[in-house]
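J.: In the working numbering, the protein residues as written are 39 to 235. Even glycine gets a Cβ: it sits at the ideal position worked out from N, Cα and C. As the structure is a prediction and not an experimental result, all values here were calculated from the model. Quick one: the structure is below, and I'll ask about it shortly.
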Amino acid sequence: MLCEGKTDQRLLPLAYERLYGQPLELDHTTVVSLGSCNDIPKALSVLKAMDIKACAIADLDFAFTEARRGGTPLLPKEGEDIGTAKVILQRLRPVHGFSLAGNGLPQNQGAWKAADVWAMLAQEIDGQQLLKTVHEQLKGCNIWVWTDGCIENVTGASNKGENAIAEQEERLLAMSAIEIEQQMPAFAACFAWIRSL
Numbered sequence: 039m040l041c042e043g044k045t046d047q048r049l050l051p052l053a054y055e056r057l058y059g060q061p062l063e064l065d066h067t068t069v070v071s072l073g074s075c076n077d078i079p080k081a082l083s084v085l086k087a088m089d090i091k092a093c094a095i096a097d098l099d100f101a102f103t104e105a106r107r108g109g110t111p112l113l114p115k116e117g118e119d120i121g122t123a124k125v126i127l128q129r130l131r132p133v134h135g136f137s138l139a140g141n142g143l144p145q146n147q148g149a150w151k152a153a154d155v156w157a158m159l160a161q162e163i164d165g166q167q168l169l170k171t172v173h174e175q176l177k178g179c180n181i182w183v184w185t186d187g188c189i190e191n192v193t194g195a196s197n198k199g200e201n202a203i204a205e206q207e208e209r210l211l212a213m214s215a216i217e218i219e220q221q222m223p224a225f226a227a228c229f230a231w232i233r234s235l
């Protein structure tokens, strides 16, 4: 299981163990952090060529950026879905005051991080249907994107970094499997998908 960074690398195995009562390794699975989402398509391609079963977990922005780059993009570079996302973002921008880059997608600027804007899109009713469609398309490429935005949105964390990771680990350790399923259903859905591959 490939992931973007250290938060996913540390929380995914812990959430899995809390939900299933055993470590990922007993199900012949390990989590490998790539450091960013840029290398997910290439890494999956290399692992496939080596006949190693693999999947990836990525933040929502991957679906609208890296999944559309390269010579053979995973999703259409200028598909209807990205056009719809840009329309929704344009509608939200004056209300919330975030910035969009020249390509019409969120950018880090001022108090707004691009990840926060994607998470906001995930809260919009018209955004949710769009994200569900993109999510299903990427699952066909063995990539799960967090439709909430990123793993911190799944756990309800408001910060990133080492202290935030430690707090999320403590919270997961204090929760039962039922509590995780109820409060963080994306984990259970993600792992059920992985186990079905």
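By a C-beta neighbour count over all protein chains shown, 10 Å radius and 16 as the cutoff for buried, is residue 200 buried or exposed?
T.: Residue 200 comes out exposed.
J.: Can you give me the Cβ contacts of residue 137 inside the same chain, cut-off strictly under 6 Å, excluding the 5 residues immediately before and after it?
T.: So the qualifying residues of the chain are 145 and 147.
J.: Report, in whole angstroms, the separation of the C-beta atoms of residue 41 and residue 69, which I expect to be a contact under 8 Å.
T.: Residue 41 to residue 69, Cβ: 6 Å. Contact.
J.: Per DSSP, what kind of secondary structure is residue 196 in: helix, strand or coil?
T.: Reduced to three states, the DSSP call for residue 196 is coil.
J.: Report back the beta-carbon spacing between residue 103 and residue 198 to the nearest angstrom; my notes put them in contact at under 8 Å.
T.: Not quite, the Cβ-Cβ distance comes to about 18 Å (not below 8 Å), so this is no contact.
J.: Decide if the segment 80-98 is in contact with the segment 58-65; the criterion is three or more beta carbon pairs, one per stretch, under 8 Å apart.
T.: Because the criterion of three Cβ pairs below 8 Å is not met, the segment 80-98 and the segment 58-65 do not touch.
J.: From the DSSP secondary-structure annotation, give me the bridge partner or partners of residue 41.
T.: Beta-bridge pairing links residue 41 to 71 and 95.
J.: Please state whether the Cβ-Cβ distance between residue 153 and residue 188 is less than 8 Å.
T.: Cβ atoms of residue 153 and residue 188: closer than 8 Å.
J.: Please name the residue in 84, 133 and 105 whose C-alpha comes closest to that of residue 120.
T.: Residue 105 is the option with its Cα nearest to residue 120.
J.: So which of 139, 193, 183 and 206 has the shortest CA-CA distance to residue 228?
T.: Closest option to residue 228, Cα to Cα, is 183.
J.: What's the gap between the Cα of residue 124 and the Cα of residue 143?
T.: Those two C-alpha atoms are separated by around 6 Å.
J.: Just how far apart, CA to CA, sit residue 235 and residue 174?
T.: Going from the Cα of residue 235 to the Cα of residue 174 covers about 14 Å.
J.: Taking DSSP as the reference, what is the three-state secondary structure of residue 150?
T.: Strand at residue 150.
J.: Look up residue 182 in the DSSP assignment and give the residues it is bridged to.
T.: 95.
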